[in-house]
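Residue numbers (the working numbering): 38 to 250.
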């Protein structure tokens, strides 16, 4: 019987976590990927939360990870609320669609709540997250700075009624703004992978440019 363990990431995990992230995202959203570079720089950023940086092991082998950073909600009166966002969350392609991502997510939600956080906002494919309790940002009146409600932006309350119905504007951590030039320089130092077009890239383009009225 396989042994599954979820634990905090250690420095000795860094390279394998970045490798898994690269494999999991390469050519999925765009030709190539930048997510592994984000992982590389995120750990040193002030908004990174080490207590919510987890890996999942299968029989002693790291097969996935999730990382959290602080984010902000600001209401129309200027009141600020510190919340969470996560990403990248990665499972080695060999082990995807087997329930490991679900285990990793649910463990991280429990730990985030224990740390006192009550709201998570993410951008992603709804089909991957609605089963984990995420709902459209519009249902919680959470929008981006221009007042729009992206179809890919979702909200999860870790504590029921943590959001009280007022309108909130969402702000990511600055670490999420990745320089494509720097990401490419970093990618060039790694084993060469072929950049190519996949249909999932068009799906990502459509979703990332869609808004809910």
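Beta carbons: idealized from backbone N, C-alpha and C, even for Gly.
query = residue 50 to residue 227, Cα distance in whole Å?
reply = Within the chain shown, the letter at position 13 stands for residue 50. Within the chain shown, the letter at position 190 stands for residue 227. Cα-Cα distance, rounded: 17 Å.
query = In terms of alpha-carbon separation, which member of 69, 66, 149 and 102 lies closest to residue 54?
reply = Against the chain shown, residue 54 aligns to sequence position 17. Residue 102 is the option with its Cα nearest to residue 54.
ask   = What does a CB cutoff of less than 6 Å around residue 166 pick up in its chain, not counting 5 residues either side in sequence?
value = The count along the chain shown starts at 1 and reaches residue 166 at position 129. Excluding positions up to five away in sequence, the list reads 191.
request  = Give every residue of the same chain whose Cβ lies closer than 7 Å to the Cβ of residue 202, excluding the five residues on either side of it in the sequence, and list them in chain order.
outcome  = For the purposes of this step, residue 202 is taken as residue 165 along the chain shown, with counting starting at 1. Result list for residue 202: 178, in chain order.
key: Cross-strand partners of residue 182 (DSSP beta bridge)   = Here residue 182 is taken as the residue at index 145 of the chain shown, counted from 1. Residue 182 is not bridged to any residue.
request  = Give a yes or no on contact between the stretch 144-164 and the stretch 76-83, applying the rule of three or more CB pairs nearer than 8 Å.
outcome  = no
Member of 230, 247, 215 and 239 whose CA lies at the smallest distance from the CA of residue 72 = As a working note, residue 72 is residue 35 in the chain shown. Closest by alpha carbon: 215.
task = Take residue 245 and list the residues in its own chain whose beta-carbon comes closer than 7 Å to its own, dropping the five residues that flank it on each side.
result = As a position in the chain shown, residue 245 is number 208, starting the count at 1. Excluding sequence neighbours, residue 245 sits near 189.
request  = Using three-state DSSP, classify residue 154 as helix, strand or coil.
outcome  = The residue labelled residue 154 in the question sits at position 117 within the chain shown. Three-state result, residue 154: coil.
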